[in-house]
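Chemist: Per numbering that gives the first Met the number 0, the sequence shown runs over residues 0 to 619. Every residue gets a Cβ at the ideal spot worked out from N, C-alpha and C, and that includes glycine. All of these numbers come straight from a predicted model, not from anything done at the bench. Sharing a structure with you now.
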Amino acid sequence: MENLINQINQPDDLQNLSEKELEMLCSEIREKIIQSVAHNGGHLASNLGVVELTVALHRVFHAPQDKIVWDVGHQAYTHKILTGRREQIDTIRTRGGLCGYPNRAESPYDPFNAGHASTAISAAYGMAVAKKVRHEPGHVIAVIGDGSLTGGMAYEGLNNAGRFPKNFIVILNDNKMSISRSVGAMARYLAQIRTKPGYLRAKGNLESALDKLPGVGPSLHRAISGAKTAVKHLLYNNTLFEDMGFVYYGPFDGHNLPQLLEVLENAKHIEHPILLHVITAKGKGYSFAEENPGVFHGISKFDVNTGKKLSNSEDFSSQFGQYLCEAAANDRSICAITAAMQMGTGLTEFAKRFPDRFFDTGIAEEHAVTFAGGLAAGGMRPVCAIYSTFLQRGYDQIIHDAALQNVKVTFAIDRAGVVGEDGETHQGIFDAAFLNTIPNCTVFSPAYYDELRKDLQTALYDCEGVAAVRYPRGGQLFRPYDYQPSGKAFDLYGDEGAGTVLVTYGRLFSFACEAFSRWKKQGISVHIVKLNRIKPVSAGAVEAAKGAKHVFFFEEGIEQGGVGEHFEHLLHEAGFHGAYVLRAIQGFVRHATMQESLHDLGLDADGIYRTVTDTLQNWK
Numbered sequence: 000m001e002n003l004i005n006q007i008n009q010p011d012d013l014q015n016l017s018e019k020e021l022e023m024l025c026s027e028i029r030e031k032i033i034q035s036v037a038h039n040g041g042h043l044a045s046n047l048g049v050v051e052l053t054v055a056l057h058r059v060f061h062a063p064q065d066k067i068v069w070d071v072g073h074q075a076y077t078h079k080i081l082t083g084r085r086e087q088i089d090t091i092r093t094r095g096g097l098c099g100y101p102n103r104a105e106s107p108y109d110p111f112n113a114g115h116a117s118t119a120i121s122a123a124y125g126m127a128v129a130k131k132v133r134h135e136p137g138h139v140i141a142v143i144g145d146g147s148l149t150g151g152m153a154y155e156g157l158n159n160a161g162r163f164p165k166n167f168i169v170i171l172n173d174n175k176m177s178i179s180r181s182v183g184a185m186a187r188y189l190a191q192i193r194t195k196p197g198y199l200r201a202k203g204n205l206e207s208a209l210d211k212l213p214g215v216g217p218s219l220h221r222a223i224s225g226a227k228t229a230v231k232h233l234l235y236n237n238t239l240f241e242d243m244g245f246v247y248y249g250p251f252d253g254h255n256l257p258q259l260l261e262v263l264e265n266a267k268h269i270e271h272p273i274l275l276h277v278i279t280a281k282g283k284g285y286s287f288a289e290e291n292p293g294v295f296h297g298i299s300k301f302d303v304n305t306g307k308k309l310s311n312s313e314d315f316s317s318q319f320g321q322y323l324c325e326a327a328a329n330d331r332s333i334c335a336i337t338a339a340m341q342m343g344t345g346l347t348e349f350a351k352r353f354p355d356r357f358f359d360t361g362i363a364e365e366h367a368v369t370f371a372g373g374l375a376a377g378g379m380r381p382v383c384a385i386y387s388t389f390l391q392r393g394y395d396q397i398i399h400d401a402a403l404q405n406v407k408v409t410f411a412i413d414r415a416g417v418v419g420e421d422g423e424t425h426q427g428i429f430d431a432a433f434l435n436t437i438p439n440c441t442v443f444s445p446a447y448y449d450e451l452r453k454d455l456q457t458a459l460y461d462c463e464g465v466a467a468v469r470y471p472r473g474g475q476l477f478r479p480y481d482y483q484p485s486g487k488a489f490d491l492y493g494d495e496g497a498g499t500v501l502v503t504y505g506r507l508f509s510f511a512c513e514a515f516s517r518w519k520k521q522g523i524s525v526h527i528v529k530l531n532r533i534k535p536v537s538a539g540a541v542e543a544a545k546g547a548k549h550v551f552f553f554e555e556g557i558e559q560g561g562v563g564e565h566f567e568h569l570l571h572e573a574g575f576h577g578a579y580v581l582r583a584i585q586g587f588v589r590h591a592t593m594q595e596s597l598h599d600l601g602l603d604a605d606g607i608y609r610t611v612t613d614t615l616q617n618w619k
């Protein structure tokens, strides 16, 4: 018998299966996802947790007319399998393959690009209003996790969507996790709901009993609606979702497929905003992921049989965590802040050793930045560790609640630059540019572990106001045997006095040095200026380049407003009269391996070599 999964080429094919067959299909989908992620890396635990929910959604609703909007989107692998992309699922997160997140350009079944948290309710509400205004049929469903409910934007969406006069469905996928375990008051509130499932039974029994009373039932039902409120308060002590205008139903078992089908079928006939609370288990169906959902949230290639990652190398994140533990042991003012990324930012050991000085804000980067500003204003020395792509969300707060206050906040910006397989929504290519606009802000970009440690120390103790240390995903790259960092704002390497100067920063210095070794063999003289501090740019670095005939700037960041553009301005102000070539990123960067992306951008060793060599030949 053909596997059931091979019979599903579009969501409508689910209508041909019995409920028993649908449950068998869920098992096949799980196996497919496990094998795909083991081979390519990706988000495993979150996807395994929503298999039944996704199958139920596509059985009951009719996409793409009905819009299913996934918050964050890293749990959409089952969705992709069911919507015509089954045969491509093994290519997920690979160059030219499927995106690891919903992507409008990839499929009409993906109504909204995702990658950052807490956006689904607002986006879905916009689509629902658009349908109403345009008189278009169909439902809109937002699927959001409990972790994303720690982000303030989710409540902005709920607050507005609660006034919608038609059907609008929010599904709360509650797995008690964001990436690390969910934290804060919302996590406690949801836990309270989970432990008091009697509310819905009590509510339903009361409504049913009232409506059945002959003659007076319905009117009595309306008359004592306050009694229902009292029941809710008695059982929950809170009615958050209903107070925001949503009718709350749940909690339901997110792995009970027959129940999910019934609940969703009923939900689509309610002419009112509703919130369905679904309890799922992250990593469901794969024991290693169930036991360690944080580890298997986003994971590199692994052995299916053992659950062990195929690579365990040192990286910048772990080096950062080690340094901060050492510093905190000697300085009780140091504290660490993360936005639901304890493991990813290397702070697990810090959290264990210094629990009173470790703060996980949940997926709430804006709050994390302002909270750090408050800690600093209160006399602490906060270090706020956030991925570059997510720090974008705190731009306003960096300006107003840190830099403007002139308080001592240090940002550890992880995953700066190209990050690879997670693609457009996760590339860390904007931080250098937007930090460049902020007064009272110093930014360092180390290439190696010892430089990272030195820069962190400088940021903590030698910089006034806001300081940031940005570093890439993964480990350090090629390092010339004769390169010794000075600890200053810039370093020089190569042929002093050469007519060709190459300027760069961060890990691109490694690629520049590889290219330099090729030029040296060919008798081509090149002098490399390595910016260790990219804001403010040292006048000495400008002075080292201004006398050259040709200056090439290579930047692993967005070109517009980036360091390269600023350096060109400083050069001309200093009297530079030579030719200037800037090679930086000019648009969004799609998913591929990190090395593939850098190669395509012309920012790896080969790209740097070719750009300089070909340009010099054309200028002869």
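(1) The beta strand (DSSP E) spanning residue 482 covers which residue range?
(2) Can you list, in chain order, the residues of its chain whose CB lies under 7 Å from that of residue 132, leaving out five sequence neighbours each side?
(3) With C-beta atoms as the reference, is residue 278 less than 8 Å away from residue 257?
(4) Between the C-alpha atoms of residue 551 and residue 610, what's the straight-line distance to the nearest angstrom?
(5) So the beta strand (DSSP E) residue 381 belongs to, where does it begin and stop?
(6) Please confirm whether residue 142 and residue 102 have their CB atoms less than 8 Å apart.
(7) In terms of residue numbering, what span does the alpha helix (DSSP H) encompassing residue 604 cover?
(8) With a CB to CB cut of under 8 Å and the five nearest residues on each side skipped, what residues in its chain are close to residue 3?
(9) According to DSSP, simplified to helix, strand and coil, what is residue 421?
(10) Rounded to a whole number of angstroms, what is the C-alpha to C-alpha distance between residue 296 and residue 514?
(11) I'd like to check one pair, residue 432 with residue 561: are the Cβ atoms closer than 8 Å?
(12) Please determine, among 517, 456, 496 and 121, the residue with the shortest C-alpha to C-alpha distance to residue 327.
(13) DSSP on residue 356, reduced to helix/strand/coil?
(14) Name the residue from 412, 34 and 586 whose alpha carbon lies nearest to the alpha carbon of residue 298.
(15) Secondary structure at residue 582, three-state DSSP: helix, strand or coil?
(16) Within its chain, find whatever has a CB closer than 8 Å to the CB of residue 482; leave out the 5 residues flanking it on each side and keep chain order.
(17) DSSP on residue 287, reduced to helix/strand/coil?
(18) So, are the CB atoms of residue 544 and residue 525 less than 8 Å apart?
(19) Given this structure, state the Cα-to-Cα distance separating residue 588 from residue 582, to the nearest angstrom.
(20) Could you tell me the alpha carbon to alpha carbon distance between residue 95 and residue 596, rounded to whole angstroms?
(21) Beta carbon of residue 493: closer than 7 Å to some heavy atom of the ligand NAP?
(22) In terms of residue numbering, what span does the alpha helix (DSSP H) encompassing residue 512 cover?
(23) Using DSSP bridges, identify the partner residues of residue 412.
(24) Excluding the five sequence neighbours on either side, which residues of its own chain have a C-beta within less than 6 Å of the C-beta of residue 416, listed in chain order?
(25) Helix, strand or coil for residue 406 per DSSP?
(26) Helix, strand or coil, according to DSSP, for residue 548 in the structure here?
(27) With a cut-off of 8 Å, do at least 3 Cβ pairs link the segment 104-121 to the segment 65-81?
(28) Going along the chain, which unbroken runs of the alpha helix (DSSP H) with 4 or more residues stay wholly within the segment 57-113?
(29) Out of curiosity, what's the CA-to-CA distance linking residue 306 and residue 420?
(30) For the beta strand (DSSP E) that residue 257 lies in, which residues bound it at each end?
(31) Between 521, 99 and 468, which has its C-alpha nearest residue 531's C-alpha?
(32) When burial is assigned at 16 or more other CB atoms within 10 Å of the CB, is residue 155 buried or exposed?
(33) Please go through the same chain and pick out, in chain order, the residues whose beta-carbon is closer than 6 Å to the beta-carbon of residue 267, but skip the five residues on each side of it.
(34) Quick check: what's the CA-CA separation for residue 376 versus residue 144?
(35) Measuring alpha carbon to alpha carbon, tell me which of 109, 82, 313 and 13 ends up nearest residue 59.
(36) What span of residues does the alpha helix (DSSP H) with residue 36 cover, start to end?
Modeler: Based on what the coordinates show:
(1) Counting from 1 along the sequence shown, the entry for residue 482 is found at position 483. Here residue 482 belongs to no beta strand (DSSP E), and DSSP marks it neither H nor E.
(2) Stepping through the sequence shown from its first residue, residue 132 is reached at position 133. Once the five neighbours on either side are set aside, residue 132 has no close Cβ partner at all.
(3) Looking up residue 278 in the sequence shown gives position 279. Looking up residue 257 in the sequence shown gives position 258. Cβ distance not < 8 Å, so residue 278 and residue 257 don't count as in contact.
(4) Residue numbering aside, residue 551 sits at position 552 when the sequence shown is read from its first letter. Residue numbering aside, residue 610 sits at position 611 when the sequence shown is read from its first letter. Their Cα atoms are separated by approximately 9 Å.
(5) As a working mapping, residue 381 is identified with position 382 in the sequence shown. Bounds of the beta strand (DSSP E) holding residue 381 are 380-386.
(6) In the sequence shown, the residue the question calls residue 142 occupies position 143. In the sequence shown, the residue the question calls residue 102 occupies position 103. No, these two residues do not count as a Cβ contact at 8 Å.
(7) Counting from one through the sequence shown, the residue named residue 604 turns up at place 605. Where residue 604 is concerned, the enclosing alpha helix (DSSP H) stretches over 604-618.
(8) Position 4 of the sequence shown holds residue 3. Excluding residues within five positions, the ones whose Cβ falls inside 8 Å are 16, 20, 23, 24 and 27.
(9) In the sequence shown, residue 421 corresponds to position 422, counting from 1. Coil at residue 421, not helix or strand.
(10) Position 297 of the sequence shown, counted from the start, is the residue given in the question as residue 296. Position 515 of the sequence shown, counted from the start, is the residue given in the question as residue 514. Straight across, the Cα-Cα distance linking residue 296 with residue 514 is about 37 Å.
(11) Start at 1 with the first residue of the sequence shown, and residue 561 comes out as number 562. Start at 1 with the first residue of the sequence shown, and residue 432 comes out as number 433. Against a cut-off of 8 Å, the Cβ pair of residue 432 and residue 561 comes out as a contact.
(12) The count along the sequence shown starts at 1 and reaches residue 327 at position 328. Checking every option, the nearest Cα to that of residue 327 belongs to 456.
(13) Position 357 of the sequence shown holds residue 356. In this structure, residue 356 counts as helix in the three-state DSSP scheme.
(14) For the purposes of this step, residue 298 is identified with residue 299 of the sequence shown, where counting begins at 1. Ranking 412, 34 and 586 by Cα distance to residue 298 puts 34 first.
(15) Along the sequence shown, read from residue 1 onward, the residue named residue 582 stands at position 583. The answer is strand: DSSP assigns residue 582 an E or B state.
(16) Your numbering for residue 482 matches position 483 in the sequence shown. These residues qualify, in order along the chain: 490, 492 and 512.
(17) On the sequence shown, residue 287 is found 288 positions in, with the first residue counted as 1. In this structure, residue 287 counts as helix in the three-state DSSP scheme.
(18) Counting from one through the sequence shown, the residue named residue 544 turns up at place 545. Counting from one through the sequence shown, the residue named residue 525 turns up at place 526. Cβ atoms of residue 544 and residue 525: not closer than 8 Å.
(19) Here residue 588 is taken as the residue at index 589 of the sequence shown, counted from 1. Here residue 582 is taken as the residue at index 583 of the sequence shown, counted from 1. Rounded to whole angstroms, residue 588 to residue 582 spans 15 Å at the Cα level.
(20) To locate residue 95, count along the sequence shown from 1; it is residue 96. To locate residue 596, count along the sequence shown from 1; it is residue 597. C-alpha separation (whole angstroms): 11 Å.
(21) Of ligands this structure carries none, so the ligand NAP is not represented either.
(22) Position 513 of the sequence shown, counted from the first residue, corresponds to residue 512. Note, residue 512: alpha helix (DSSP H), 507-520.
(23) Locating residue 412 in the sequence shown gives position 413, counting from the first residue. Bridge partners of residue 412: 385 and 469.
(24) If you number the sequence shown from 1, residue 416 lands on position 417. Excluding residues within five positions, the ones whose Cβ falls inside 6 Å are 427, 471 and 555.
(25) Residue mapping note: residue 406 aligns to position 407 of the sequence shown, counting from 1. Reduced to three states, the DSSP call for residue 406 is coil.
(26) Taking the first residue of the sequence shown as position 1, residue 548 is located at position 549. In this structure, residue 548 counts as coil in the three-state DSSP scheme.
(27) yes
(28) Scanning the segment 57-113 from its first residue to its last, the whole alpha helix (DSSP H) runs of 4-plus residues come out as 76-79.
(29) Your numbering for residue 306 matches position 307 in the sequence shown. Your numbering for residue 420 matches position 421 in the sequence shown. Their Cα atoms are separated by approximately 20 Å.
(30) Within the sequence shown, residue 257 is the residue found at index 258, counting from 1. Here residue 257 belongs to no beta strand (DSSP E); instead the alpha helix (DSSP H) covers 256-266.
(31) Here residue 531 is taken as the residue at index 532 of the sequence shown, counted from 1. Considering only alpha carbons, the answer is 468.
(32) Locating residue 155 in the sequence shown gives position 156, counting from the first residue. By the neighbour-count rule (16 or more Cβ atoms within 10 Å), residue 155 is not buried but exposed.
(33) Here residue 267 is taken as the residue at index 268 of the sequence shown, counted from 1. Same-chain partners within the cutoff: 138.
(34) By one-based count along the sequence shown, residue 376 stands at place 377. By one-based count along the sequence shown, residue 144 stands at place 145. If I take the Cα positions, the gap works out to 33 Å.
(35) Here the question's residue 59 lines up with position 60 in the sequence shown. Per the Cα distances, 13.
(36) Within the sequence shown, the letter at position 37 stands for residue 36. 18-39 is the extent of the alpha helix (DSSP H) around residue 36.
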